[in-house]
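In what follows, a single structure is set out as structure tokens and then discussed.
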Amino acid sequence: MTMTMPDTAVAATAPLLEIRNLTKRFNAHGGGVVRAVENVSFSIGRGETFALVGESGCGKTTLTKLVLGLEKPTSGEILFHGADLATASSKAMHGYRRQAQAVFQDPYSSLNPRMRVSKIIAEPLMAHGIGDRDSQRARVLEMLDVVGLPKTAADLYPHEFSGGQRQRVAIARALSLKPAFMVLDEPISALDVSVRAQILNLLADIQDEFGLTYLIVAHDLALVEHFSSSVGVMYLGSMAELGPTESVFSHPKHPYTQALLASVPRPDPDHRAPVGVIYGEIGSAMAPPPGCKFHPRCPYAVDICKTTPPVDRELAPGQLVACHLAETIVPPVQSSIAPL
Amino acid sequence: MTDAAIIPAPMQKPPLLKVENLKTYLYLKRGVVRAVDGVDLEVAEGETLGIVGESGSGKTMTSLSMLRLLPKPSGRIVEGSITLDGTDLVKLSEDEMVRDWRGRRISMVSQDPLTSLNPVFSIGDQVGAPFRYHKLAQGRGAVRKAVEAVLARVRIPSPAKRIDDYPHQFSGGMRQRVVTAMAIACSPRLLIADEPTSALDVTIQVQMMELFRELQRDSGVGIIMITHDLGVAAGICHRVAVMYAGRVVESGDVREIFRNPAHPYTRGLLNSIPHLGRKRRRLEAIAGQPPSLIDPPRGCRFAARCPQKMARCDDYPPQFEVATGHKAACWLAEPRS
Ligand SMILES: Nc1ncnc2c1ncn2[C@@H]1O[C@H](COP(=O)(O)OP(=O)(O)OP(=O)(O)O)[C@@H](O)[C@H]1O
Ligand SMILES: Nc1ncnc2c1ncn2[C@@H]1O[C@H](COP(=O)(O)OP(=O)(O)OP(=O)(O)O)[C@@H](O)[C@H]1O
Ligand code: SF4
Ligand SMILES: [Mg+2]
Ligand SMILES: [Mg+2]
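Sequence lines, in order, name chains A and B.
Numbered according to my numbering, the first sequence spans residues 96 to 435.
Numbered according to my numbering, the second sequence spans residues 12 to 348.
Right, dumping it as structure tokens:
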């Protein structure tokens, strides 16, 4: 296989997926408009793992739903292999749905409790009319093997499995169509701490084996650093900063990224706990602050931040930052007191 | 190892809370869930004890036992004692519990703070309830003053203006502060915080951690911080108890637990999580999954997953002291004579 370079990727090949100026607004129940995703652009190279991070409600899931074609964008484009999904024929869209699969956070609600595992895994094949019963059964057994479940699992129901095993079933199901691209929306958040690493390792292995491209949503930044090749940091529907994971984590340029990284609780009792990194509350997606959405919490904000939305600029190779002052601010020396 | 290492160091004061051999079972149709199965814990005044462990290990049931708020009718404390300030809470009647203890000397910030506020009552009404109930403030004006003061203590800006707002007008972080305000309203001796920050952005989480530290510094309240985030435990706790399948498998000073873990489960857990700044393509996963609590294994409950399992592990290991105040329930920690 030629396209298995999950850690470095990007470079030569055209992106598998390109998102251009994507915007999604919802009408809120009580009136008003939720600006869930606003003018977001990024691309994902083949074999790459792109991670989306940001606080709850910043638009990560909405973005993945747009990418999967489960929600229609208000404006903007999503290009898969260079073709715009919005103008794709229904046949092309059908093909895309086969290529793009998803694994969600909750392995309890995402599997039909009344179906046996064999049917759950074979369902996408049936829906796409692929193969006969025998070849479908063979694919089910193959996929169970890939995700590390015994063949006997095929005849059981979801409730007979633990959370980690159920997530394995969900992964087997997503893999059954041999997709090129997978969305992973918080795939381990609902799992026992001690089985999370198993699932992450499994996802890394099948990426290598099948040359998969991942879009993963996660809020654990250590996990993101470990698992992704590129990262996008969202704040209230907008992309604050994006770029190669290594550059963003070693040289975060946006004040929000800096605050986020400084705030990560470290499993080290001698780590000096950050104090007062940033104060204030995340605003509302229904009435985001004008100018830079982060300005009410930003320790550096100047007048222009309150009125004019910053345009993103490339400050290091592939690293785009949407902050008026990104060229000038240096990461703060962490003010700190001992943790105990 | 000398005898001195096995005998616990004398405590200066009796602990604020002492839980001994607590067993809390849930009697369900499908069987008896041994949610808490022989747990010992101690919390001193002004101390934060972290309880870490995975989903279903019994962390919430342990704290609900202390509050005597177990699910009805299935939940029952079948054995053990919970001594707070010299009183065994297990022996109290529900009336005594309500009158003098729950919400008064022991209170809890629950796992799902964002839904534990009632949407139809104002913040002032809800935060005022414990003051009115325990008669710590009488009359509208006094209650209002007390509520404003406690909202200020949890750092809600302009409390006088926000007191008549409703929960939906508060962000997640602010609601978390309101729930915390209710829990500390009566200046409890012991505050149990069950995953108080897991639903929050890390930048807000840091603020909550600071708040807990401040409250403790000001009042000397003992805190039990329940979390599955080892980072949170390392950042805020003085001591840590690690639970696995209804039992405490290891406990000790936070540095001991993180620097010198003695139980293979604790070690496995610390090795399996990604660390910021230490990129590895593969994580060291713990194989297998936790046992069922309906019919748990008789010996060490981690044995089926333990890379160091020995024949002895079919018997349940007692708590061995590996260093002062540091105990592990594992045969590997047994002192060699
Ligand atoms: N169908 C919908 N109708 C109205 N508002 C919506 C809808 N779906 C999402 N939203 C709103 O859009 C915003 C973004 O939500 P989204 O679920 O994408 O966030 P998220 O980043 O995935 O958050 P989390 O980390 O909590 O999963 C939120 O304010 C949310 O309330
Ligand atoms: N209301 C309930 N009815 C029946 N069983 C329950 C109930 N609540 C918890 N249990 C069971 O009791 C055991 C201990 O659960 P507990 O909620 O204490 O775990 P926990 O450590 O708090 O987990 P988590 O990290 O997921 O909150 C589990 O096996 C769980 O399935
Ligand atoms: S644009 Fe201004 S307010 Fe926004 S992050 Fe940069 S400095 Fe802060
Ligand atoms: Mg989401
Ligand atoms: Mg719990």
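Cβ atoms here follow ideal geometry from the backbone N, Cα and C, with glycine treated the same way.
Note that the structure is predicted; figures quoted are calculated from it, not measured.
Extent of the continuous alpha helix (DSSP H) run through Leu222 (chain B): Here the alpha helix (DSSP H) through Leu222 (chain B) covers 213 to 230.
Is Leu356 (chain A) near ligand 3 - that is, is its Cβ less than 8 Å away from at least one heavy atom of it? Because no heavy atom of ligand 3 lies under 8 Å away, the Cβ of Leu356 (chain A) does not count as near it: no.
Using a Cβ cut-off of 9 Å (strictly closer), state whether Glu376 (chain B) contacts chain A. Residue numbering for chain B in the displayed model covers 12 to 348; residue 376 (chain B) lies beyond these limits and cannot be assessed.
I need the DSSP call for Phe142 (chain B), collapsed to helix, strand or coil. Helix at Phe142 (chain B).
Pro301 (chain B) and Glu65 (chain B) look like a contact to me (Cβ under 8 Å); what is the Cβ gap, rounded to whole Å? Contact between Pro301 (chain B) and Glu65 (chain B) holds, with the beta-carbon distance rounding to 6 Å and staying under 8 Å.
On the three-pair Cβ rule with 8 Å, is the stretch 126 to 144 of chain A touching the stretch 302 to 318 of chain A? The stretch 126 to 144 of chain A vs the stretch 302 to 318 of chain A: in contact.
Are the stretch 244 to 264 of chain B and the stretch 54 to 68 of chain B touching by the rule of at least three beta carbon pairs closer than 8 Å? In short, these stretches touch, since the Cβ pair count reaches three.
Contact set for Ala109 (chain A): own chain, Cβ-Cβ below 7 Å, skip 5 residues either direction: Taken in chain order, the residues that qualify are Gly177.
Ligand 5 and Glu206 (chain B): does any heavy atom of the ligand fall closer than 8 Å to the residue's C-beta? Distances from the CB of Glu206 (chain B) to the heavy atoms of ligand 5 include at least one below 8 Å.
Can you confirm whether Tyr374 (chain A), when its beta carbon is compared against all beta carbons of chain B, has any partner nearer than 9 Å? Tyr374 (chain A) has a beta carbon lying within less than 9 Å of a beta carbon in chain B.
Taking 9 Å as the cut-off, decide whether the C-beta atoms of Ile203 (chain B) and Val288 (chain A) are in contact. 9 Å or more divides the Cβ of Ile203 (chain B) from the Cβ of Val288 (chain A).
At the level of alpha carbons, what is the spacing between Val105 (chain A) and Ile139 (chain A)? Note that Val105 (chain A) scores 40 on pLDDT, short of 50, meaning its location in the model is unreliable and no value can be drawn from it.
Tell me, to the nearest whole angstrom, how far the beta carbon of Ala339 (chain B) is from that of Ala273 (chain B); I am working on the premise that it is less than 8 Å. Ala273 (chain B) and Ala339 (chain B) do touch by the CB rule: their CB atoms are close to 4 Å apart, below 8 Å.
Reduced DSSP secondary structure (H/G/I, E/B, other) of Glu409 (chain A): Strand at Glu409 (chain A).
Tell me whether the stretch 296 to 315 of chain B and the stretch 345 to 363 of chain A touch, counting them as touching only if at least three CB pairs, one residue from each stretch, are closer than 8 Å. Of all C-beta pairs linking the stretch 296 to 315 of chain B to the stretch 345 to 363 of chain A, fewer than three are shorter than 8 Å, placing the two stretches out of contact.
Rounded to the nearest angstrom, how far is the Cβ of Ala55 (chain B) from that of Leu100 (chain B), given a contact under 8 Å? In fact, because the Cβ distance is near 17 Å, the residues do not count as touching under 8 Å.
Ligand 5 heavy atoms versus the CB of Thr118 (chain A): any closer than 8 Å? For ligand 5, not one heavy atom lies less than 8 Å from the Cβ of Thr118 (chain A).
Below-9 Å beta-carbon distance, Pro285 (chain B) vs any chain A residue: Closer than 9 Å to some Cβ of chain A, the Cβ of Pro285 (chain B) qualifies, so yes.
Inter-residue spacing [alpha-carbon to alpha-carbon] between Asp398 (chain A) and Cys387 (chain A): Cα-Cα distance, rounded: 10 Å.
Do we get a CB-CB distance below 9 Å when we pair Ser325 (chain A) with the residues of chain B? So no, Ser325 (chain A) is outside the interface.
Just to confirm my understanding: we take Asp325 (chain B), look at its own chain, exclude 5 residues before and 5 after, and list those with CB closer than 6 Å. What are they? Gly310.
Which residue wins for smallest C-alpha separation from Ala334 (chain B), given the options B:Arg155, B:Gly246, B:Arg270, B:Phe142? Ranking B:Arg155, B:Gly246, B:Arg270, B:Phe142 by Cα distance to Ala334 (chain B) puts B:Arg270 first.
Cβ-based burial, His168 (chain A) [other Cβ within 10 Å; buried from 16]: For the sequence presented, residue 168 (chain A) should be read as Pro rather than His. Per the 10 Å Cβ criterion, buried.
Rounded straight-line distance, which links the Cα of Thr340 (chain A) to that of Leu298 (chain A): Between Leu298 (chain A) and Thr340 (chain A), the alpha-carbon positions lie close to 18 Å from each other.
The stretch 222 to 234 of chain B: positions lying closer than 7 Å to chain A by Cβ: Correct list: empty, as no residue qualifies.
Leu241 (chain B) touches chain A at which residues, Cβ-Cβ below 7 Å? Within 7 Å Cβ-Cβ: Pro362.
Contact list for the stretch 165 to 195 of chain A against chain B, Cβ threshold 9 Å: Residues of the stretch 165 to 195 of chain A whose Cβ lies closer than 9 Å to any Cβ of chain B: none.
Of all Cβ atoms in chain A, is any one closer than 9 Å to the Cβ of Phe269 (chain B)? Chain A, which has a Cβ nearer than 9 Å to the Cβ of Phe269 (chain B), makes this yes.
Is there a Cβ of chain A sitting closer than 9 Å to that of Tyr36 (chain B), yes or no? Any Cβ of chain A closer than 9 Å to the Cβ of Tyr36 (chain B) would place that residue at the interface, and such an atom is absent.
Find the residues of chain A that neighbour Asp212 (chain B), judging by a C-beta separation of less than 7 Å, and give them in chain order. By Cβ distance, chain A contributes Glu150, Ser151, Ile377.
Note down the Cα distance separating Leu227 (chain B) from Val326 (chain A), rounded to an integer number of angstroms. Looking at the sequence provided, one finds Gln at residue 227 (chain B) rather than Leu. Taking the straight line from one Cα to the other gives about 38 Å.
Please compile the residues from chain A whose C-beta is within a distance smaller than 9 Å of the C-beta of Arg293 (chain B). Chain-order list of chain A residues neighbouring Arg293 (chain B): Ala292, Leu295, Asn296, Ala299, Asp300, by C-beta distance under 9 Å.
Beta-carbon contacts of Glu320 (chain A) that lie in its chain and below 7 Å, excluding the five residues immediately before and after: Spatial neighbours of Glu320 (chain A) in its own chain (CB-CB distance under 7 Å, excluding positions within 5 residues in sequence) are listed in chain order as Thr340, Phe344.
Which residues have a Cβ closer than 7 Å to any heavy atom of ligand 4, listed in chain order? Answer in sequence order: A:Lys155, A:Thr156, A:Asp280, A:Glu281, A:Val312.
Nearest-angstrom beta carbon gap, Leu158 (chain A) and Ile173 (chain A) [assumed within contact, 8 Å]: That belief does not hold up - the Cβ atoms of Ile173 (chain A) and Leu158 (chain A) are roughly 10 Å apart, past 8 Å.
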